[in-house]
Amino acid sequence: GAVVSQHPSWVICKSGTSVKIECRSLDFQATTMFWYRQFPKQSLMLMATSNEGSKATYEQGVEKDKFLINHASLTLSTLTVTSAHPEDSSFYICSASVPGLLGEQFFGPGTRLTVL
Amino acid sequence: KQEVTQIPAALSVPEGENLVLNCSFTDSAIYNLQWFRQDPGKGLTSLLLIQSSQREQTSGRLNASLDKSSGRSTLYIAASQPGDSATYLCAVEGGNQFYFGTGTSLTVIP
Chain A
1 GAVVSQHPSW VICKSGTSVK IECRSLDFQA TTMFWYRQFP KQSLMLMATS
51 NEGSKATYEQ GVEKDKFLIN HASLTLSTLT VTSAHPEDSS FYICSASVPG
101 LLGEQFFGPG TRLTVL
Chain B
117 KQEVTQIPAA LSVPEGENLV LNCSFTDSAI YNLQWFRQDP GKGLTSLLLI
167 QSSQREQTSG RLNASLDKSS GRSTLYIAAS QPGDSATYLC AVEGGNQFYF
217 GTGTSLTVIP
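In order, the protein sequence lines correspond to chains A and B.
Per the working numbering, the very first residue in the first sequence carries number 1; after that it's consecutive.
Per the working numbering, the very first residue in the second sequence carries number 117; after that it's consecutive.
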């Protein structure tokens, strides 16, 4: 099956710094990638939809200037958490959508971000 | 390694029927189980979250149950509507990782 990787798997950073998370589709081209986050004891929630070569579409309540998404190629999307704060500590997971009618999504293993 | 299976893979029902979607998992050591809805080309929409200490959750016409000991969860949809047509995914969280099921594609016929 299609494989999606994320890097890093976990990261600890100081408050005020920026962190970049990469999401790669390893054996297929993904025209669309999705970014999700999950706070402790809460549901996984969609943050944004990223289409290759165009600006990402953010869900309500997600700050686009804080969570920068770049989908520069059909196999790579990046999420940069700018000026991170402790409340940004969360589990971030991406998925890549296979082109086609069903739009099946394949999920990365996730990145655990802890902001001190 | 955790494995999550959903049955059936596809389901077609007439409008108004009640239906049950099934999710099974092999490792009962989970933090929680979540049910999602996926529409074509869209991101997942969270429907229900059941913590490992809970047995069920309800939201409107949706009811999800969790039996950790048997590794099963069901999503019950009452009085189905054409707008419920979508793919439904379950996912378990454990070991700092998510494990997604393969999904059930639901079609509700007007």
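Don't be surprised by glycine CBs; every beta carbon is placed ideally from N, CA and C.
Go ahead and label residue i buried or exposed: buried means 16 or more other beta carbons lie within 10 angstroms of its beta carbon, across all protein chains shown.
i: His71(A); result: buried
i: Phe39(A); result: exposed
i: Glu63(A); result: exposed
i: Ser90(A); result: buried
i: Ser50(A); result: buried
i: Val136(B); result: exposed
i: Asp65(A); result: exposed
i: Ser15(A); result: exposed
i: Ser169(B); result: exposed
i: Ala84(A); result: buried
Return yes when the Cβ of residue j is within less than 8 Å of the Cβ of residue i, no when it is not.
i: Ser9(A); j: Thr111(A); result: yes
i: Ser18(A); j: Thr75(A); result: no
i: Val98(A); j: Ala2(A); result: yes
i: Ser98(B); j: Leu163(B); result: Shown here, chain B extends from 117 to 226; a query on residue 98(B) therefore has no answer.
i: Ala48(A); j: Ile21(A); result: no
i: Gly219(B); j: Tyr204(B); result: yes
i: Thr57(A); j: Gly157(B); result: no
CB-CB under 6 Å to residue i, same chain, minus the five flanking residues each way: which ones, in chain order?
i: Leu149(B); result: Ile166, Leu182, Ser189, Val208
i: Thr223(B); result: Ser128, Ser201
i: Asn134(B); result: Ala194
i: Leu44(A); result: Tyr36, Gln38
i: Glu104(A); result: Val98
Does residue i get closer than 8 Å to chain B when you measure Cβ to Cβ?
i: Leu79(A); result: no
i: Gln105(A); result: yes
i: Gly110(A); result: yes
i: Leu44(A); result: yes
i: Ile93(A); result: yes
i: Phe114(A); result: In the sequence as presented, Phe is not what sits at residue 114(A); that position holds Thr. No, its Cβ sits nowhere closer than 8 Å to a Cβ of chain B.
i: Lys20(A); result: no
i: Phe34(A); result: yes
i: Lys64(A); result: no
i: Thr49(A); result: yes
Considering only residues of the same chain and omitting the five flanking positions on each side of residue i, which have a CB-CB separation below 7 Å?
i: Thr161(B); result: Phe152, Arg153
i: Ser185(B); result: Ser144
i: Asn179(B); result: Glu172, Tyr192
i: Ile123(B); result: Asn138
Is there a Cβ from chain A that is less than 8 Å from the Cβ of residue i?
i: Leu191(B); result: no
i: Ser162(B); result: yes
Based on the DSSP secondary-structure assignment, which residues constitute the bridge partners of residue i?
i: Tyr215(B); result: Val208(B)
i: Arg112(A); result: Trp10(A), Phe91(A)
i: Glu172(B); result: Ser181(B)
i: Thr190(B); result: Asn138(B), Ser181(B)
i: Val120(B); result: Phe141(B)
i: Val129(B); result: Val224(B)
i: Gln105(A); result: Ser97(A)
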